[in-house]
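Residue numbers (our numbering), protein chains in the order written: chain E, 5 to 221; chain V, 5 to 221.
The C-beta atom is built at its ideal place from N, Cα and C for all residues, glycine as well.
There are 2 protein chains.
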Amino acid sequence: MNEALVFDAYGTLFDVYSVAQRCDSFWPGKGAALSLAWRAKQLEYTWQRSLMRRYRPFSEVTREALAYACEALGLQLTATQMEALMGEYLMLATYPDVVAALNKMRNKKLAILSNGSPDMLEPLVKQSGLKFDAVLSVDELQIFKPAPQVYELAATRLKLSKEHIGFVSSNCWDALGAKSFGFSAYWINRAAAPVDRLGFRPDAILKTLGDLLEVLL
Amino acid sequence: MNEALVFDAYGTLFDVYSVAQRCDSFWPGKGAALSLAWRAKQLEYTWQRSLMRRYRPFSEVTREALAYACEALGLQLTATQMEALMGEYLMLATYPDVVAALNKMRNKKLAILSNGSPDMLEPLVKQSGLKFDAVLSVDELQIFKPAPQVYELAATRLKLSKEHIGFVSSNCWDALGAKSFGFSAYWINRAAAPVDRLGFRPDAILKTLGDLLEVLL
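Structure (structure tokens):
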């Protein structure tokens, strides 16, 4: 029985589509390709820097990934464009089902556990108006997901044993990292992707956060 | 001054193009897309499993990545096709410039340092006829590149301090992992890609292994 639910932020609660739209406004017709390349490199750099033991905050990694992705696609990137795109991350919308679903889960502790550094995560959560018992960043650990100490941070801060925590992410590998650590894991498979082959299975695979309510009953 | 040169294997000494060709023979017109998706997932799984502390040998990770990539592209994969594709990895050709370049570097110790597990790496090197002072796999460390202990393994086995080792890879992040550890790093940029933004720069960026000879003089 889950006494707390811990949520990933980007792509799970917050819709990053507006970032792609802003990319497309700067480079018409290239927004989709750029935002995909940017996202892929952003994740790669989190994993590579973690393994290299060269952690840098997510805001910096995200800038570095954008610079790489623009160069790879032959797009000129000005400092103004960089700041505008980074600014989008501070005012992302929640997915349409998020507010109603969270409000029906308030019999449990609710938390965010994100790769986002506090300079990105705190303004975002504040402008959303969503209330959580804890908003946790990997930044204090200086390592990114899916390292087990990241998930352990949530258990420590919520003062719960891992068996009593459910973790919710739209990234399958993130859900499986949580599962490997010992949480229950719920994968919000918004993109209808295959299950990652990492030696674990999510406890449930759902299309929306609303569908999670039925699983939790 | 480098007393030893340590080479990555796949994509650096050995050309994986024949794997893409074999993919295309099974799924005509899809070989390029599949081999790209397979390679991307293979690397992701090495990083994710390393961070999760759930190491599995590269041969297993490579199979898991292929299964994922086929499902993502809607391609049926039989056990026979899986084994045929894995078999390709045991008989990859070297790039045209490899044999001549290595033969001109024999005043130094020469080694391979690879993510490949011994069941993949040893038959490959044997059939190539190439001679090395050491063929090293991450397998004994149970973690993948770019963790620093991987590069340290080469220094330990070659009995050289890291300042005297040059590392050569076609993967920029791998070269930068070696640089971060303390090796000189030479990036063979076969694909004309941008430099990765990981806080380090390669000591040289080259088009072929032959070009490395001039840098070393």
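Residue 133 of chain V is outside the set of residues whose beta carbon lies under 7 angstroms from a beta carbon in chain E. Under the Cβ criterion of 7 angstroms, residue 61 of chain E is not counted among the residues facing chain V. Nearest CB-CB separation between residue 14 of chain E and chain V: not below the 7 angstroms threshold. Beta-bridge annotation (DSSP): residue 138 of chain E is paired with E/115.
E/127 is the residue among E/104, E/25, E/127 whose C-alpha sits nearest the C-alpha of residue 95 of chain E. As DSSP reads the structure, residue 44 of chain E sits in no beta bridge. Going by C-alpha positions, residue 90 of chain V is about 20 angstroms away from residue 203 of chain E. Residues of chain E with a Cβ closer than 9 angstroms to the Cβ of residue 57 of chain V are, in chain order, 151, 152, 184. At least one CB atom of chain V sits nearer than 7 angstroms to the CB of residue 76 of chain E. The C-beta of residue 52 of chain E comes closer than 7 angstroms to at least one C-beta of chain V.
Taking a contact as a CB-CB distance under 8 angstroms, the pair residue 98 of chain E and residue 121 of chain E does not count as one, their CB atoms being some 20 angstroms apart.
Identification of residues in the segment 184 to 206 of chain V having a C-beta nearer than 9 angstroms to some C-beta of chain E yields 184, 185, 197, 198, 199, 200, 201, 202, 203, 204, given in sequence order. Of the residues E/179, E/138, E/146, E/190, the one whose Cα lies closest to the Cα of residue 218 of chain E is E/190. Taking every protein chain shown into account, the CB of residue 144 of chain E has fewer than 16 other CB atoms within 10 angstroms, so this residue is exposed. With a contact defined as Cβ atoms closer than 8 angstroms, residue 41 of chain V and residue 76 of chain V qualify at about 6 angstroms.
At the C-beta level, residue 147 of chain E and residue 16 of chain E stay beyond 7 angstroms of one another. Within the same chain, and ignoring the five residues on either side of residue 207 of chain V in sequence, the residues whose Cβ sits closer than 7 angstroms to its Cβ are 188, 189, 190. Residue 96 of chain E: not part of any alpha helix (DSSP H); DSSP gives it neither H nor E. When the alpha-carbon of residue 168 of chain E is set against those of E/45, E/156, E/62, the nearest one is in E/156. Listed by position along chain V, the residues whose Cβ is nearer than 9 angstroms to that of residue 68 of chain E are 200, 201, 202, 203. With a 10 Å radius around the Cβ and a threshold of 16 neighbouring Cβ atoms, residue 33 of chain V comes out exposed. About 18 angstroms separates the CB atoms of residue 56 of chain E and residue 170 of chain V; that is not less than 8 angstroms, and the two are not in contact.
Within the DSSP secondary-structure output, residue 173 of chain E pairs in a beta bridge with E/191. Taking a Cβ-Cβ cut-off of 9 angstroms, the neighbours of residue 177 of chain V in chain E comprise 48, 49, 52, 56, given in sequence order. Residues of the same chain with a CB within less than 7 angstroms of the CB of residue 185 of chain E, apart from the 5 flanking positions on each side, are 152, 155, 156, 166 in chain order.
Where residue 10 of chain V is concerned, the enclosing beta strand (DSSP E) starts and stops at 8 to 11. The Cβ neighbour count for residue 135 of chain V, taken over all protein chains shown within 10 Å, is under 16; the residue is labelled exposed. For residue 19 of chain E, DSSP records a beta bridge to E/97. Using a Cβ-Cβ cut-off of 7 angstroms, residue 91 of chain E does not count as an interface residue toward chain V, since no Cβ of chain V sits closer than that to its own. Residues of chain V with a Cβ closer than 7 angstroms to the Cβ of residue 72 of chain E are, in chain order, 198, 200, 201. Residue 71 of chain V and residue 81 of chain V do touch by the CB rule: their CB atoms are close to 6 angstroms apart, below 8 angstroms.
The continuous alpha helix (DSSP H) containing residue 70 of chain E extends over residues 62 to 76.
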